[in-house]
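Heads up: the sequence shown begins at 1202 in my numbering, then just goes up one per residue.
One structure is given here, and the rest of the page talks about it.
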Amino acid sequence: MEQLLIRGQNRLSGNIDINGAKNAALAVLPAVLCAGEACIIDNLPAIDDIHCYIDVLTRLGCRAELVDTHALRVDPTGVGYTVADFDSAKKIRASYYVLGAMLGKFGKAAVALPGGCNFGSRPIDFHIKGFEALGAKVVIEHGIVYCQADELVGAPIYLDFASVGATINILLAAINARGQTVIENAAKEPHVVDVANFLNFIGADIRGAGTNVIRINGLDNGKIKMRGGEYTIIPDMIEAGTFMIAAAITGGDVCVKNIIPKHMHSVSAKLREMNCVVEEDEDSIRVRASELLSPVNVETQVYPGFPTDLQPQACALLSTVQGQSIVRETVFESRFQYVSELERMGARITVSGRQAVVLGVDNLTGADVSATDLRAGMSLITAGLAATGETRLSNINYVDRGYEDIAGRLNSLGADIERISVL
Ligand code: UD1
């Protein structure tokens, strides 16, 4: 078993290049199933979730080969209908995108119910309602979701919540339907736009991605063939935000490069409200922490609101800021499991339902802590960067799912993190 040993209180400074977006890549890879020819996907992050997804695609019949660490050639032309109930599909939540892609392409699909990070119940009822609206029959048997349609027909679909996963899954199926589908209350996250751009690039007709109404003119159940091509994934706004918060908690001065600054506005705004100096350039943001940070209230929201995937890291930061901050989680019903681990490091946080009241302490203190999910793990690393003494983080497999060489990259900015083997 491996752990991260973090020796805290080192100020971060310097430049860091941000990798491709995990959540965009996890949608674009299954979208390749819709292509009529091979595709090269560039700027893939080298993380466990992506390696797992490559295994899913291979087992479905794709020929996949890494061109280099961050580029993959995928040829989906050998894919046929397969029940995706193998381990890699069960491990990774985004394997549910295989449902939309296969349903659109073959009129049927079967995938094991999704795994992934556990922070509250994560139903897929909106995905299913969307497929049914397009004319599919959906049943769940023995942990596998089966979808089948003689013909997919475009339809108006209203989402009760602007779900990222449901919006993308419906897009993947609806691009092949007969006629127009209109998704109302669609998710506007940058990775929704990225997958729509990729699908348009290979021949789909999707308009309005990035707004809350998306129109899809279907390709009539495979009558119009899609192409292949080379596509580059957008930068990861969550990784960028993580480094921005790490700069702030260490009193540092860090420039996150190769990003789309507009994606970061909610994070930049909060850091400025806390007294950080945040300077935006064309494709980078520099964060300089002031001596005295101010407490702030944070409410997670769908894009362009403050991302739920940065809430745990923000909470770690606010634990070190004198005064009272309130953090409200509105996207997931229970995303404060990491708080008890932060408390082991001396944080003073009271959680009630979807709200956490954070009272800043003078110093966090290093402790043995354990990740309960990906961003929870990152919250504890963030806290460890500021804490006195040593923090040992276990269950780092969660962190490896979503961050490429996080120790090495934080160390390049001045952190002191070691990956150690323990019995
Ligand atoms: C995606 C991201 C995740 C991020 C989240 C919100 C991926 C692989 N994961 O997750 O990192 O935290 O967006 O930005 O891209 N819901 C339902 N029924 C459904 C679908 C969702 O009730 O059918 C609820 C969820 O329980 C949750 C909310 O809607 O409370 C938002 O979920 P959603 O946007 O779908 O998140 P994911 O796609 O699972």
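Ideal Cβ positions, reconstructed from N, Cα and C, are used throughout, including at glycine.
Secondary-structure assignment with DSSP links Gln1525 through a beta bridge to Leu1560. Counting other Cβ atoms within 10 Å of its Cβ, Phe1332 reaches 16 or more and is therefore classed as buried. Distance between Gly1355 and Arg1473, taken at the CA atoms: about 45 Å. Using a Cβ-Cβ distance cut-off of 8 Å, the stretch 1292-1310 and the stretch 1262-1275 are not in contact, since fewer than three pairs of beta carbons, one from each stretch, lie closer than that value. Straight-line measurement puts the Cα of Val1414 at about 6 Å from the Cα of Ile1384. No Cβ-Cβ contact shorter than 8 Å links Ser1535 with Gly1215. The ligand UD1 never approaches Ile1415 closely enough for any of its heavy atoms to be under 7 Å from the residue's Cβ.
Less than 8 Å divides the Cβ of Leu1575 from the Cβ of Gly1603. With respect to the C-alpha of Ile1450, the residue from Arg1274, Asp1406, Cys1477 having the closest C-alpha is Cys1477. In the structure shown, Gly1215 adopts extended strand secondary structure according to DSSP, grouped into three states. Three or more pairs of CB atoms, one per stretch, sit closer than 8 Å, so the stretch 1240-1247 contacts the stretch 1416-1436.
By the criterion of at least three beta-carbon pairs nearer than 8 Å, the stretch 1575-1595 is in contact with the stretch 1515-1532. In this structure, DSSP gives Ser1580 a helical state, which the three-state scheme calls helix. In this structure, the beta-carbon distance from Ala1557 to Val1532 does not fall below 8 Å.
At least one heavy atom of the ligand UD1 lies closer than 7 Å to the C-beta of Leu1227. For Pro1496, the secondary structure class from DSSP, reduced to helix, strand or coil, is coil. The closest CA to that of His1392, considering only Asp1361, Ile1461, Ile1325, is found on Ile1461.
Using a Cβ distance threshold of 8 Å, Ile1369 and Ile1417 do not count as a contacting pair. A distance of 8 Å or more separates the beta carbons of Ala1378 and His1328. A distance below 6 Å between beta-carbons, with the five flanking residues on each side excluded, links Asn1401 to the following residues of its chain, in chain order: Ile1407. Nearest Cα to Phe1507 within the set Ala1470, Leu1420, Leu1494, Ile1618: Ala1470. Of the heavy atoms belonging to the ligand UD1, at least one sits nearer than 7 Å to the Cβ of Ile1325. Here Ile1207 is bridged, per DSSP, to Thr1592, Ile1618. The stretch 1202-1213 and the stretch 1588-1607 touch, with no fewer than 3 CB-CB distances between them shorter than 8 Å. In the three-state DSSP reduction, Val1299 falls in the helix class (H, G or I). Ser1364 has its alpha-carbon roughly 15 Å from the corresponding atom of Val1396. Counting other Cβ atoms within 10 Å of its Cβ, Ser1553 stays below 16 and is therefore classed as exposed.
Assigned with DSSP and collapsed to three states, Thr1531 falls in coil, not helix or strand.
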